[in-house]
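Novice: First the structure, which I've put down as structure tokens, then a few questions once you've had a look.
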Amino acid sequence: MKKLSALALAAAAGVSLWQWFERETLREGEATVHLQSEHEHFHLHVDLPPGMEIEPGDTLEIVDMPQVHGQTHGEMSYRSPVKLFKASWLRRTLIKRSSLVEVNELVEHP
Amino acid sequence: MEAMPDLSVTTRHALQEAVLTPRFYTTDFKAIDALDIDKNGLRDEFEWIKAEFEYDYNKGHFKRNEEFLADFDDMPVRQLFVEFLERSCTAEFSGCVLYAEMVKHLKDPTMRQIFQLMSRDEGRHAGFINRTMADLNVALDLSVLQKRKKYTFFQPKFIFYTVYLSEKIGYSRYINIYRHLEKTPQHIIHPIFKWFEEWCNDEYRHGEFFSMLMRSQPDLLDKPSNRRWIRFFLLAVYVTMYINDARRESFYKALGLDWRAYDQDVIRLCNNISTQVYPVTLPVDDPRFFAHMDAMVAYDRQAEALATRNDPLAQAQKARLRAAIGMRMFALFRMEPRITTPENKWKGLQGFPNYPGPDRPLRVAAAD
């Protein structure tokens, strides 16, 4: 019985930790997006509103995207709502400590 | 030659969408901003390389000519070429975004300007590839940029080690292809390869900056733990490239290249170049080095052959093969590194501007 309780406790702790790790907080704001997709230049830069900062583990979603069919004519700058999903403290700390390394893209040159 | 007709309407190939999976990075910008680049007397070198970037050697290089108007419907390995463009565009785009993020967060005006100019170069390269894909009737699906973007976090020192290597191995890959096609022009399957020589000089120059940045922080190079990181990243980059290129053997064959000989040349060149800053590199001239690499490729091929099977036996075999690749990688990591000495240290690229010292004449900081 004791073993079973200990096992149940450990499982509950594991689930709680996982839930904590996965927890996200949503912050919304309006950003300025600079997009250029043409021969001369191809880039996308996002100026987030003051106080909204991307930290390890966060994800960002730009809500509006103009219909440009792959190509723009010069750089487009437009305002769009953005959603910033803030990672939990646990996830942020783990990522910061381990500094997840993804080396595949390093050699994806021609 | 800027006004190009839209070739996509003439191609026999159906409109295809390029799948870009750009990386978005974040790092400890405050820590980078806190780096004292003056402490080792390198400020003048940074100012010199900033002027090199401002000179913009390739300002007029990425202009297309009539060769790009040809019909590439029947080009060899067309699909593999498109995938190659996708990967390249992704890498250039990701570099552009990373450097632009640095500009936003750093305070030192020299560093800000350098990152700004490197971002310019990467965005320019990405645009050139972007247009080449449009010629092949491949549209970029820009909606991927809008979807939830996960930011990959790297510690600043990992950024320096890896981006330095990325730039230098990029140079080594481009220049080896360019030199090979110069000798065997019958293998030029697309004119974009003729642009590689000047293009890769941008990559080399970016690498010079990161080399300077690491030299300005001796801890990054001298501490034993950091030397292990250097060897780890060198190995990770070489192994990833070797296995990936083995999988794309037919693409290199279409260029008249033996992927294995090509990769070994690239690795040797990159390893030599990296002695300019790294106190240790990998023992690539030891015959056991490429024997381990070849063994990894053989395991990977066996694993690829099992890719479509999901039965327990296949899963177990795949796990065994992955473990075997891991063991080989560990064996490579344990090999005695090559110590950089004044004799084997990279002396610089012939004909490429090196830091001329503090008494250099002032240069016009703009391209003609």
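Here the protein sequences come in this chain order: A and B.
Numbering of the first sequence is given in this note's numbering, commencing with residue 130 and proceeding in unit increments.
Numbering of the second sequence is given in this note's numbering, commencing with residue 4 and proceeding in unit increments.
Quick reminder that beta carbons are idealized off the backbone N, C-alpha and C, glycines included.
For clarity, every value in this text was computed on a predicted model and none was experimentally measured.
List, in order along the chain, the chain A residues whose C-beta lies closer than 7 Å to that of B:GLU131?
Specialist: Note that residue 131 of chain B corresponds to Phe in the displayed sequence, not to Glu. Result: HIS168.
Novice: Excluding the 5 residues flanking B:GLN279 on each side, which residues of the same chain have their C-beta closer than 6 Å to its C-beta?
Specialist: Taken in chain order, the residues that qualify are SER214 and TRP349.
Novice: Taking a contact to mean a Cβ-Cβ separation below 8 Å, would you say B:TYR177 touches B:LEU352 in this structure?
Specialist: No, Cβ-Cβ distance for B:TYR177 and B:LEU352 is not below 8 Å.
Novice: Quick one: what does DSSP say B:ARG115 is sitting in, helix, strand or coil?
Specialist: Three-state result, B:ARG115: helix.
Novice: One question on the structure: do B:GLU55 and B:PRO356 come within less than 8 Å of each other, judged by their Cβ atoms?
Specialist: Yes; because the gap between Cβ atoms is below 8 Å, this pair is in contact.
Novice: Taking the continuous alpha helix (DSSP H) assigned at A:SER206, which residues delimit it?
Specialist: Segment 205 to 216 is the beta strand (DSSP E) holding A:SER206; no alpha helix (DSSP H) there.
Novice: Between the Cα of B:ARG123 and those of B:GLU95, B:PRO282 and B:PHE163, spot the shortest distance and give me the residue it belongs to.
Specialist: Ranking B:GLU95, B:PRO282 and B:PHE163 by Cα distance to B:ARG123 puts B:GLU95 first.
Novice: For the segment 145 to 170 of chain A, enumerate the residues whose C-beta is nearer than 7 Å to any C-beta of chain B, in chain order.
Specialist: The segment 145 to 170 of chain A vs chain B, Cβ under 7 Å: SER166, GLU167, HIS168, GLU169 and HIS170.
Novice: Jot down the residue ranges of each uninterrupted alpha helix (DSSP H) in the segment 179 to 266 of chain B, minimum 4 residues, whole runs only, in chain order.
Specialist: DSSP runs (the alpha helix (DSSP H)) wholly in the segment 179 to 266 of chain B: 199 to 218, 222 to 225, 227 to 250 and 252 to 257.
Novice: Can you have a look at B:PHE333 and say buried or exposed, based on whether 16 or more other CB atoms are within 10 angstroms of its CB?
Specialist: Exposed, by the Cβ-count rule.
Novice: Helix, strand or coil for A:GLN280, going by three-state DSSP, please let me know.
Specialist: Past the edges of chain A, shown from 130 to 239, lies residue 280 of chain A, and the structure says nothing about it.
Novice: If we call anything under 8 Å between Cβ atoms a contact, is B:ASN140 one with A:PHE171?
Specialist: Contact flag unset, no.
Novice: Does A:MET181 get closer than 8 Å to chain B when you measure Cβ to Cβ?
Specialist: So no, A:MET181 is outside the interface.
Novice: Counting only beta-carbon separations shorter than 8 Å, does B:PHE96 have a partner in chain A?
Specialist: Interface residue, yes.
Novice: Since B:ARG331 and B:VAL283 should fall inside the 8 Å C-beta cutoff, what is the C-beta to C-beta distance between them, to a whole number of angstroms?
Specialist: So it is not a contact: roughly 20 Å between Cβ atoms.
Novice: Between the segment 138 to 149 of chain B and chain A, which residues of the former have a C-beta closer than 9 Å to a C-beta of the latter?
Specialist: Per Cβ criterion, the list reads VAL141, ALA142, LEU143, ASP144, LEU145, SER146, LEU148 and GLN149.
Novice: Between the alpha carbons of B:ASP3 and B:PRO345, how many angstroms are there, rounded?
Specialist: This structure cannot settle anything about residue 3 of chain B, because the visible part of chain B is limited to 4 through 371.
Novice: Would you check if the distance between the CB atom of B:CYS273 and the CB atom of B:LYS171 is smaller than 8 Å?
Specialist: Yes, these two residues count as a Cβ contact at 8 Å.
Novice: Counting C-beta neighbours from all protein chains within 10 Å, is the total for B:ARG26 16 or more, i.e. buried, or is it exposed?
Specialist: Buried is the call here.
Novice: Considering A:LEU138, what are the terminal residues of the alpha helix (DSSP H) in which it resides?
Specialist: Residues 131 to 151.
Novice: Starting from A:GLY143, find everything on chain B with Cβ-Cβ shorter than 7 Å and list it in chain order.
Specialist: Residues of chain B passing the Cβ test: none, with the nearest at roughly 24 Å.
Novice: Answer with yes or no whether the minimum CB distance from A:GLY185 to chain B is below 8 Å.
Specialist: Note that residue 185 of chain A is Pro in the sequence shown, not Gly. At least one chain B Cβ lies under 8 Å of A:PRO185.
Novice: Would you list, in chain order, the members of the segment 103 to 126 of chain B that have their beta-carbon closer than 7 Å to a beta-carbon of chain A?
Specialist: Going along the segment 103 to 126 of chain B in chain order, one finds ALA103 and GLY126 with a Cβ nearer than 7 Å to chain A.
Novice: Find the residues of chain A that neighbour B:TYR281, judging by a C-beta separation of less than 8 Å, and give them in chain order.
Specialist: Chain A residues near B:TYR281: none, gap ~15 Å exceeds 8 Å.
Novice: Using a Cβ-Cβ distance cut-off of 8 Å, determine whether A:MET194 contacts chain B.
Specialist: Answer yes: the Cβ-Cβ gap between A:MET194 and chain B drops below 8 Å somewhere.
Novice: Between A:THR154 and the rest of its own chain, which residues show a CB-CB distance below 7 Å, the 5 nearest in sequence each way excluded?
Specialist: Excluding residues within five positions, the ones whose Cβ falls inside 7 Å are LYS215.
Novice: Which bits of chain A does B:TYR154 rub up against, with CB to CB less than 9 Å?
Specialist: Correct list: ILE183, GLU184, PRO185, GLY186, ASP187, THR188 and LEU189.
Novice: Is there a C-beta anywhere in chain B that falls below 8 Å from the one on A:GLY203?
Specialist: Cβ-Cβ to chain B under 8 Å: no for A:GLY203.
Novice: Count the other C-beta atoms from every protein chain shown that fall within 10 angstroms of the C-beta of B:ASN179, then say buried if there are 16 or more, exposed otherwise.
Specialist: Classification for B:ASN179: buried.
Novice: Measuring CB to CB, does B:VAL80 end up less than 8 Å from B:ALA301?
Specialist: Going by C-beta atoms, B:VAL80 is not nearer than 8 Å to B:ALA301.
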